Each structure stands twice: as structure tokens, then as C-alpha cells.
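So the protein lines, in turn, are chains A and B. For the first sequence, this note's numbering gives the first residue as 1, with consecutive numbering after it. For the second sequence, this note's numbering gives the first residue as 1, with consecutive numbering after it. We treat Cβ as the ideally placed atom computed from N, Cα and C, and that holds for glycine. These numbers come from a predicted model, not from an experiment.
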Amino acid sequence: MARIGVFVCHCGENISSTVDCERVAQQAGRLPGVAFSADYKYMCSDPGQSMIKEAIAEHRLTGVVVSACSPRMHEPTFRKACAEAGLNHYLCEMANIREQCSWVHPKDEATTQKAFDLVRTQVEKVRNDNPLEPIRVPVNKTAVVVGGGVAGIQVALDVAAGGHKVILVERDPSIGGHMSQLSETFPTLDCSQCILTPRMVEAAQHPNITLMTYSELESMDGFIGNFNLRIRRKARSVDEKLCTGCGLCTTKCPNKKIPSEFEQGLAFRTAIYTPFPQAVPNKPVIDRDNCTWFKTGKCGVCGKLCPTGAINYQQQDEIVEVKAGAIVLATGFEVKKTDFFPEYGYGRYRDVITGLQFERLASASGPTRGEIRRPSDGRVPEKVVFVACAGSRDPAKGIPYCSKICCMYTAKHAMLYKHKVHEGTPYVFYMDIRAAGKNYDEFTRRAIEEDGAKYIRGRVSNIYEKNGKLVVRGADTLLGGKPVEIEADMVVLATAAVSCDGSEELAQKLHVSYDSYKFFAEAHPKLKPVETNTAGIYLAGACQAPKDIPESVAAASGAAAKVIGLFANDTLTREPVVARVNRTAPPIFSTCMGCGLCISICPYQAIDTEEITDRSGKVVKTIARINPGLCQGCGTCVSFCRSKSIDLEGYSNKQVYQEVVAMLNSD
Amino acid sequence: MNKLGFYPGCSLEGTSREYAESVLATAELFGVELAQVPDWNCCGATAAHNLNRALSLALPARILAKALDAGMKEIVVPCAACYNRLSVTQHELFLDEKLRRETEEAVGLPLSDKVEILNVVQFVERYIEGQLPEKVTQPFGSDVACYYGCLLVRPHDVLQFDRQEDPQAMDRVMRLLGANPIDWPFKTECCGASLSIGRTELVAKLSGRIVREAEERGAGAIIVGCPMCHSNLDMRRPQINKYLGARSKIPTLYLTQAIALACGLDKKQSGTRRNFVKVDWNALRNS
Chain A
1 MARIGVFVCH CGENISSTVD CERVAQQAGR LPGVAFSADY KYMCSDPGQS MIKEAIAEHR
61 LTGVVVSACS PRMHEPTFRK ACAEAGLNHY LCEMANIREQ CSWVHPKDEA TTQKAFDLVR
121 TQVEKVRNDN PLEPIRVPVN KTAVVVGGGV AGIQVALDVA AGGHKVILVE RDPSIGGHMS
181 QLSETFPTLD CSQCILTPRM VEAAQHPNIT LMTYSELESM DGFIGNFNLR IRRKARSVDE
241 KLCTGCGLCT TKCPNKKIPS EFEQGLAFRT AIYTPFPQAV PNKPVIDRDN CTWFKTGKCG
301 VCGKLCPTGA INYQQQDEIV EVKAGAIVLA TGFEVKKTDF FPEYGYGRYR DVITGLQFER
361 LASASGPTRG EIRRPSDGRV PEKVVFVACA GSRDPAKGIP YCSKICCMYT AKHAMLYKHK
421 VHEGTPYVFY MDIRAAGKNY DEFTRRAIEE DGAKYIRGRV SNIYEKNGKL VVRGADTLLG
481 GKPVEIEADM VVLATAAVSC DGSEELAQKL HVSYDSYKFF AEAHPKLKPV ETNTAGIYLA
541 GACQAPKDIP ESVAAASGAA AKVIGLFAND TLTREPVVAR VNRTAPPIFS TCMGCGLCIS
601 ICPYQAIDTE EITDRSGKVV KTIARINPGL CQGCGTCVSF CRSKSIDLEG YSNKQVYQEV
661 VAMLNSD
Chain B
1 MNKLGFYPGC SLEGTSREYA ESVLATAELF GVELAQVPDW NCCGATAAHN LNRALSLALP
61 ARILAKALDA GMKEIVVPCA ACYNRLSVTQ HELFLDEKLR RETEEAVGLP LSDKVEILNV
121 VQFVERYIEG QLPEKVTQPF GSDVACYYGC LLVRPHDVLQ FDRQEDPQAM DRVMRLLGAN
181 PIDWPFKTEC CGASLSIGRT ELVAKLSGRI VREAEERGAG AIIVGCPMCH SNLDMRRPQI
241 NKYLGARSKI PTLYLTQAIA LACGLDKKQS GTRRNFVKVD WNALRNS
């Protein structure tokens with residue numbers, strides 16, 4: 001038999017000015033199952049809490065209803081008080097008679113009646129409450145970071161600095177990402193490699209960080225604190241332990257005309273190659289698709305040359321199984337290639353290049369050693385046209401969003417070009433100049449005012465080649481839409497930043513949601529910017545949306561803080577408000593028929609199946625099983641279950657129906 | 001013999017009679033019978049869709065309804081402007097049920113999206129291209145500049161032409177005729193269109209640029225599929241020459257004229273005798 005205590009709070013005059021609290025308490029005392037009721041001016045005060053604790057002891061209460069403010073305000077207070085008196089704190093409920101009653105209604109008989117009705121429904125709920133215990137889930141304190149660009153490196157370093165193990169997975173042969181390709185960085189014009197490579201080395205040498213380059217995530221299961229990942233370590237064909245990184249193998253490779261990915265096709269590499277001199281790890285890989293040995297079974301020159309015998313043509317892909325408590329996605333972005341633009345020549349003109357290609361031209365380590373020379377004939381261009389918004393903010397191209405980084409890097413390009421070619425003229429076609437950021441606007445102004453970049457507000461309608469020049473046709477919309485035609489020597493397109501190839505597949509493997517442009521989606525656009533909808537998986541950098549370096553690094557440190565926060569405890573404590581599939585005595589075992597509908601609709605992939613076996617091990621029934629570590633208590637499965645076999649702990653169907661009945665039966 | 005519907009529109013009966021002649025002569029040579037859509041009317045051209053949307057849809061709709069009524073499954077529409085208006089009308093009416101019913105009521109005839117509208121390139125691709133290797137008797141030997149203009153290829157959503165900025169369909173046909181279509185950037189430049197009448201000097205400039213570009217890149221002829229483009233590039237040549245300050249000699253041929261010439265038809269059958277800029281076939285063909 002239930003022995004429930006009802007405690008009605010006046011909240012000073014907040015409640016008592018419109019609700020007759022004393023009468024609510026008296027009426028509540030007459031409800032079936034209520035053993036004690038009282039009202040008090042400030043229930044949350046120390047004497048108020050003591051009153052509850054004493055009543056629990058004196059009247060041997062089995063449940064408590066505090067009729068006061070919103071549970072958002074004081075539920076933890078009163079539950080703690082109950083727990084101190086020895087009552088399971090999930091047996092304490094609140095009836096909100098302040099925000100939902102006294103504050104919104106005038107002083108009236110009906111207001112008091114409503115307050116009483118609210119109390120009565122909670123009494124019904126408490127009558128059917130079960131004592132619950134918080135769910136504890138062990139936490140594996142290893143983080144897996146997918147993507148080794150600046151964001152991934154930052155996450156790895158921050159988490160490692162927090163004393164936790166990190167596995168940094170990168171699909172290319174080296175970490176470094178796009179930042180390692182950049183020349184100088186806005187708005188300070190410091191050398192990108194100079195600031196990045198020390199961090200790359202630091203990541204490689206940190207005792208807490210394990211690098212897995214030339215590796216890709218194969219599959220994932222498990223849940224927050226307990227992920228199981230399978231990582232494919234692609235065959236490098238070079239034994240990383242034996243290789244000293246001397247580079248002798250790359251000198252005699254007969255395949256020398258393979259367009260270099262790192263140089264964005266502006267230079268060539270060999271089939272056995274290290275992507276760039278500062279690569280980490282500085283160990284080559286064999287590109288099997290272009291290697292004579294792998295294509296014809298002959299050659300093997302690199303194998304004969306290697307002084308340590310590190311070349312291993314027989315090496316196979318290896319699948320490594322890893323356990324981790326958290327995953328951070330930092331897979332970055334790509335830029336559209338010039339062949340995406342019919343109006344700019346479908347990629348046919350060699351001197352129409354992307355911004356990323358210009359970075360390589362301007363880079364001291366690039367194919368021209370930092371001299372600005374056009375790709376077709378190596379001449380120094382006298383006029384360069386920069387086109388901002390190439391593809392971005394253009395719904396007709398399917399890319400309505402702003403790529404965000406282009407305004408700044410285009411200003412930087414114009415500046416760098418002018419610094420290197422003093423007599424040259426940079427033109428910039430733009431839609432708007434978006435330079436919101438610390439020292440950003442000053443930077444674009446400098447490009448215009450000090451370095452003489454000629455900014456033309458308008459878009460470029462087409463580009464064609466004539467007599468070795470590129471004719472750029474556009475409009476100057478500040479001069480009333482006057483047509484502009486510039487005979488340029490080179491054109492740099494600030495092509496749209498798009499999600500990486502393979503992001504959709506990766507998101508599906510990890511059950512992470514993504515937007516229509518295949519950028520990963522954050523859990524909340526403002527308040528949870530580095531979390532995903534899947535607990536324990538976080539985001540950093542441009543895999544979420546186009547971001548510049550400062551923003552990527554900030555997001556990376558944010559994600560690292562989340563990981564370290566998660567790893568601060570040995571176990572995760574979660575509210576036990578999770579769904580549960582009922583179990584009954586044999587031979588029924590459960591009313592669940594194993595239809596699997598709940599599996600398909602669960603937004604958190606928290607449901608799978610479980611087989612019930614008899615003593616001989618024979619499977620007698622297959623039913624749904626809800627993983628309490630993954631379940632977020634949303635209740636979707638409860639409403640979908642056709643046989644009513646699923647209940648939400650603390651909010652069972654029975655409880656909710658009883659509450660509704662109590663409300664409807666009010667007299 | 002293939003029997004197809006044929007919608008000449010006003011141009012093919014007036015300023016571009018040579019286009020009609022070459023289309024009909026080519027069709028006959030390749031075993032296609034073209035029967036005019038009975039009691040056809042004006043497509044509305046530029047005027048209608050600038051002034052009255054309902055009329056701009058009803059006029060082409062009536063043509064399509066008449067073709068349907070006559071049991072025509074495909075109609076050949078050589079004029080690019082007519083083709084554009086008919087295609088856009090069909091597209092819009094079959095996206096919007098209510099609009100279609102209103103238009104059907106205005107026209108007084110039922111509509112169907114089963115009538116296929118073929119422009120000159122599609123007509124050639126479907127009924128002529130396959131027989132070209134055996135029918136070409138005097139192949140081209142020169143470079144040509146295929147000029148598509150705007151109405152044949154835009155809007156891309158409706159017309160679905162191969163490459164909107166650098167179309168290829170006519171280039172492919174010309175290659176089968178032995179010509180070498182040049183890669184040039186003015187394939188879809190504006191010729192000035194109907195400003196020909198109101199602002200002739202502007203058309204002289206716009207079309208003049210196209211003519212100059214084709215000549216400078218070594219083309220022996222400009223190949224077109226639109227009567228508007230043709231009259232601007234051909235009939236307006238005196239004004240163009242004035243703008244260019246030089247006498248340009250490059251002729252402008254309809255795609256069907258080019259086919260007719262390469263298949264041995266004479267200048268009367270191909271209609272080339274009517275061109276303003278003299279078509280010197282001996283200079284163009286492979287000798």
C-alpha cells in the first residue's frame with residue numbers, strides 16, 4: 001500500500017496569491033494512498049526540506065509529491081532531500097503549480113482546483129513509480145580521431161595533453177591535410193608549413209598518440225564510452241619499422257609522370273613516393289595503380305635500391321581492431337576542380353587554376369619554388385584575375401552556401417601575387433567582401449589600398465582563350481552593370497569548398513547525420529556545435545561546414561574538451577529514463593514478437609535483437625533489445641510498438657494513462 | 001518512309017525560306033515525309049511572352065493540340081524560337097495541372113505530353129545521322145564554326161541540351177560531313193536577336209563579334225540552326241562589315257543546308273542561292 005506525502009509550497013506569495021495552498025494540501029491529504037500532506041511558505045528552504053525528510057521518517061513514506069515550481073528549478077533539490085532521508089530519489093515527483101498555474105491564472109476558485117488536479121496526477125504517477133538506479137557505463141579512455149589535418153592534429157594534441165590515449169587515423173600517406181599545402185596564412189601572412197609542421201612532428205612523437213596513416217575506418221559498432229572500430233591499414237608496400245626515410249627508393253622509379261596530389265597536379269611524382277618533404281611519417285608508399293611491378297610483375301628497382309630492405313611488395317591490407325570511448329571526426333573538405341565550371345572552360349584551360357593550385361604556386365616548397373609562373377608556359381603573368389564565389393552562393397550550381405574562406409584567401413592571393421610580381425596587376429571579381437573576423441577586414445582593405453588589388457564587384461560570365469591570353473568577361477555592377485573584359489594571363493578561381501569524397505559513407509558507418517551537402521551535422525547549431533546526434537562522437541573542423549584555420553582549431557579544442565570531459569570519469573552516469581522491452585515468465589518470455597519495427601525507427605541506433613534460449617541452448621524466441629548506453633529515452637519506440645511491449649522507465653504507459661485518467665476524473 | 005509532323009512557323013515561310021527548302025529537301029533525300037501541322041498558327045514568338053502569359057502558352061498549346069489531333073507523335077520545328085516556345089509551353093503545362101486545364105479550355109482542344117517536339121539537331125540525330133556515311137558524296141574539307149545561339153540550348157532545365165556552355169551536337173554532325181568544327185568560345189553568345197529591327201547597330205556589334213571570332217579562328221563557314229541567328233549573321237552583313245570596318249566573307253549555313261550540300265544537292269535544292277553572303281561551295285568542300 002502506497003504511503004505518499006504531498007508538500008504544497010506557497011513560494012512566498014508567488015503561488016499563494018492566486019492558489020489556496022492550504023486547501024490544496026487538505027484535499028490532497030484525502031486522496032487514496034496519501035499518508036501525509038502539508039503546506040509551507042518556502043518548501044525549498046532548509047526548514048522546508050527538513051519537513052520533508054522528517055515526514056518521510058515519521059510516516060514511513062513510500063513516495064513524495066512536491067507541489068511547487070517547475071522541476072527544472074528544484075527537482076534536483078527535493079530529490080536530493082528525499083535521498084538523504086533514505087527514499088529512492090526517483091520516487092519524488094514535482095507538480096508544477098507555479099509556472100503552469102499560479103503565474104498564468106488569476107486568483108479564482110478554478111485556479112485552486114487546477115492546482116489540486118496537477119497534484120492529483122502526480123500522486124497517481126508516484127503510486128506507479130518504481131525505484132530506479134542511475135545507469136553506469138564504463139568508459140574506455142582512448143579517443144579515435146578520424147582525419148589528420150590541422151583540426152585532427154589539434155584534437156589529438158589536446159586530448160593527449162589531457163593524459164589520454166589517442167589514435168589518429170589519416171587516409172593519406174601523411175598527416176597535415178590542406179594546411180600543409182598552403183603558402184602563407186591570412187591575416188598575418190605567416191608561413192603555413194612553419195606553423196604546422198612542428199605540430200605534425202609533435203603529434204607523431206607524443207607518447208599518447210598513435211598515428212595510423214594510409215588507413216581508413218572500416219566499420220564501427222558499440223556506443224559512447226565503448227566503441228569498437230575496425231581500421232583498414234592500407235598496404236604501404238614499405239615496412240615502416242625498417243624504413244629510415246632516406247628517399248633513395250624514389251630516385252630511380254621509372255614512373256615519373258604521375259600528377260602529384262599534393263601539388264594539385266602542377267607537378268609530377270613517382271610511383272613510390274613521399275607526398276611532400278616534410279611528410280609525417282616521412283616514409284614512402286607505393287601507389288600500386290601506377291607501379292610497374294604491380295602492373296607487370298617486372299621492375300622492382302626500389303626493392304633492389306633500398307639499403308634496409310624495407311620494400312615489401314607482398315604486404316597486404318591489415319585490419320586493426322580498436323576499442324575507444326570517443327570518436328572525433330575531422331575529415332575536412334575539398335575544393336571543386338576547374339572542370340566543374342562550363343562557363344570557365346570545363347577545365348580545358350591550363351592557366352585557369354583553383355585557389356588551392358595558386359597556393360602551391362605561391363609556396364616556397366611548390367613546383368615553382370614560390371615564383372608565380374603560369375602552368376602552361378612558365379611565364380610570369382602580368383595580369384591575374386581572381387574570381388571569388390566560383391560555384392559558391394550559386395543555387396544553379398547546387399551550392400547555395402558561402403564557402404566562407406574565399407574572400408580572405410583571395411585577398412591574400414592578390415597580395416602575394418603583388419608582393420612577388422611588383423609590376424603585375426591583380427583583379428578580383430567579387431559578390432560581397434565577407435571579412436568578418438579578427439583583423440580580417442583590415443587585411444582585405446590592405447590588399448585593396450596598399451597592394452593595389454583592383455576589386456570589381458560583379459560576376460564573371462565566361463572565360464575563353466585567345467592568342468595565348470584568357471579573356472575574362474564579367475560585369476561591374478557598381479558601374480551600372482557595365483560589361484568588363486580583361487585579357488588576363490592567368491585566372492584563379494576561388495572554387496567552392498565542398499565535403500570530402502567518402503563523407504556520406506563514413507557518416508553512415510558512424511550513424512552521424514549529415515546535411516544535403518554531405519557536411520556532418522552538429523547536434524545543435526548554437527549550443528552543441530561540436531557534438532553529433534550520436535553520443536560520444538564529436539566534430540572538428542571543415543567536415544561540418546567550410547571553416548578557416550582559426551575556426552577549425554577552435555572547434556578542435558572544443559571537441560577535445562568534450563572528450564576530456566567524458567574521460568574525466570571511469571564510468572558514465574546517465575539518467576535511467578530509458579526504454580525497456582518487457583520480460584515475463586516462460587513460456588512467453590516477453591510480449592515482444594521481434595517484428596523489428598522499433599529497430600528501424602530508433603534515431604539513435606540503440607536497438608538490436610536478442611535471442612532467448614532454453615536450457616539446451618536452443619533459440620526459442622528472438623526479441624528486441626535496447627542498449628541502455630545508447631538509448632536517449634525519446635520514447636519513439638514506445639509509440640511505435642504494436643504489441644505495447646516497450647515502456648520508458650519512470651514514464652511507463654500505465655503511469656501516463658493513470659495520470660490522464662486522474663486528470664479527466666477531476667470533480 | 002517515316003512520316004513526321006512539321007511546324008514551319010512564320011520564318012520558314014518568309015525570311016528563311018532557304019531553311020524550309022533545305023529541311024524539306026534533306027528530309028526527302030533521307031526518306032522522311034514531313035506533313036505540316038493542320039491549320040497551324042503563330043507560336044507567339046518574343047512578343048507574346050513579353051506581354052501576356054496566358055496567350056504565350058495558349059498559342060503554342062494550340063499548335064501542339066492540333067498536332068495531337070492529327071495523330072502526330074513527333075513534330076519537327078526547325079525554327080529555334082518556335083522550338084523554344086513549344087517546348088517551354090509543354091514543360092510548364094505538364095508541371096501545373098490547373099494551368100493546363102485553363103489552357104485546354106482556352107484552346108478548346110485536349111493536350112497531351114505525348115507529342116514530341118524535335119529541333120533541327122534532334123531531327124538530324126534521329127533520322128539522318130545514321131545514313132550520313134552512305135549519303136555524303138561531297139564531304140566538307142574546311143573548318144567550320146558551329147554557332148548554337150540561345151534559343152536552342154536554354155533554358156537547360158527544359159531543353160536538356162548536351163552541354164549548355166559548350167554544346168557539341170552540331171559539331172558532331174558536321175564532323176560526319178567531313179568538316180572540322182573549331183573549338184571556339186562564342187557558340188552560345190548572343191547575336192542580338194530581335195533587336196535587329198529596333199537597334200540594328202547593336203546587333204551589328206554583337207553579331208559582328210561572332211563573325212570576327214569565327215573568321216579569326218579560321219572557320220570557312222558558320223553553321224546555325226536558328227532563323228534569327230541566320231538573318232543577323234547573314235542578312236545584316238553590310239551593317240556588320242561597317243562595324244568591323246572590313247568586308248567579312250564567311251557564309252552562314254543552316255545545318256540542313258550543310259547536309260544538303262555534302263549530299264550533292266545543288267544550290268537551288270539546298271536554298272543556298274538565297275543566302276546574302278555568297279556560299280562558295282568549292283571553297284568549303286574537300287577537293
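If you run the structure through DSSP and keep just helix, strand and coil, what is residue i?
| i | result |
| --- | --- |
| R230 (chain A) | strand |
| C82 (chain A) | helix |
| G208 (chain B) | helix |
| T532 (chain A) | coil |
| Q36 (chain B) | strand |
| I56 (chain A) | helix |
| C101 (chain A) | helix |
| V19 (chain A) | coil |
| P483 (chain A) | strand |
| L527 (chain A) | coil |
| I405 (chain A) | coil |
| N462 (chain A) | strand |
Can you tell me where the beta strand (DSSP E) with residue i in it begins and where it stops?
| i | result |
| --- | --- |
| L136 (chain A) | The sequence given here has Arg at residue 136 (chain A), not Leu. Taken as a continuous stretch (DSSP letters only), the beta strand (DSSP E) holding R136 (chain A) covers 135 to 138. |
| P426 (chain A) | 425 to 430 |
| D608 (chain A) | 607 to 613 |
| D647 (chain A) | 646 to 648 |
| R580 (chain A) | 579 to 581 |
| M1 (chain B) | Where M1 (chain B) is concerned, there is no enclosing beta strand (DSSP E), given that its DSSP letter is neither H nor E. |
Residue i CB to nearest chain B CB: under 8 Å?
| i | result |
| --- | --- |
| P342 (chain A) | yes |
| N128 (chain A) | no |
| Y464 (chain A) | yes |
| Y346 (chain A) | yes |
Give the DSSP bridge partners of residue i, in chain order.
| i | result |
| --- | --- |
| G5 (chain A) | A:F36, A:V64 |
| L118 (chain B) | B:V76 |
| I601 (chain A) | DSSP output for I601 (chain A) lists no bridge partner at all. |
| R369 (chain A) | The partner list for R369 (chain A) (beta bridge, DSSP) is empty, contrary to what the question assumes. |
| F386 (chain A) | A:V428, A:V492 |
| C146 (chain B) | B:I223 |
| S219 (chain A) | A:R230 |
| C191 (chain A) | A:E184 |
| F333 (chain A) | A:S499 |
| T684 (chain A) | Absent from the structure is residue 684 (chain A), since the part of chain A shown begins at 1 and ends at 667. |
Along the chain, where does the alpha helix (DSSP H) that runs through residue i open and close?
| i | result |
| --- | --- |
| N50 (chain B) | 45 to 51 |
| P227 (chain B) | 227 to 230 |
| E18 (chain B) | 17 to 29 |
| N653 (chain A) | 653 to 664 |
| E105 (chain B) | 97 to 107 |
| Y440 (chain A) | 440 to 449 |
| S552 (chain A) | 549 to 567 |
| A151 (chain A) | 150 to 161 |
| E321 (chain A) | Run containing E321 (chain A): none in the alpha helix (DSSP H); it sits in the beta strand (DSSP E), 318 to 324. |
Got a sec: is the Cβ-Cβ distance from residue i to anything in chain A below 8 Å?
| i | result |
| --- | --- |
| E165 (chain B) | yes |
| P78 (chain B) | no |
| P185 (chain B) | yes |
Please confirm if residue i has its CB atom under 8 Å from at least one CB of chain C.
| i | result |
| --- | --- |
| E97 (chain B) | Among the chains of the structure shown, chain C does not appear; the protein chains present are A and B. |
### Message
For the pair the stretch 141 to 157 of chain B and the stretch 74 to 85 of chain B, tell me if three or more CB-CB distances fall below 8 Å.
### Response
yes
### Query
Does the count of Cβ pairs from the stretch 376 to 385 of chain A and the stretch 202 to 216 of chain B closer than 8 Å reach three?
no
### Query
Are the stretch 49 to 63 of chain B and the stretch 88 to 97 of chain B touching, with three or more C-beta to C-beta distances below 8 Å?
Short answer: they touch.
### Task
Check whether the stretch 549 to 564 of chain A touches the stretch 161 to 177 of chain A, counting contact only when three or more Cβ pairs, one atom from each stretch, lie closer than 8 Å.
Yes, the stretch 549 to 564 of chain A is in contact with the stretch 161 to 177 of chain A.
### Query
Counting Cβ pairs closer than 8 Å, one from the stretch 86 to 103 of chain A and one from the stretch 129 to 145 of chain A, do we hit at least three?
The answer is yes - the stretch 129 to 145 of chain A touches the stretch 86 to 103 of chain A, with three or more Cβ pairs under 8 Å.
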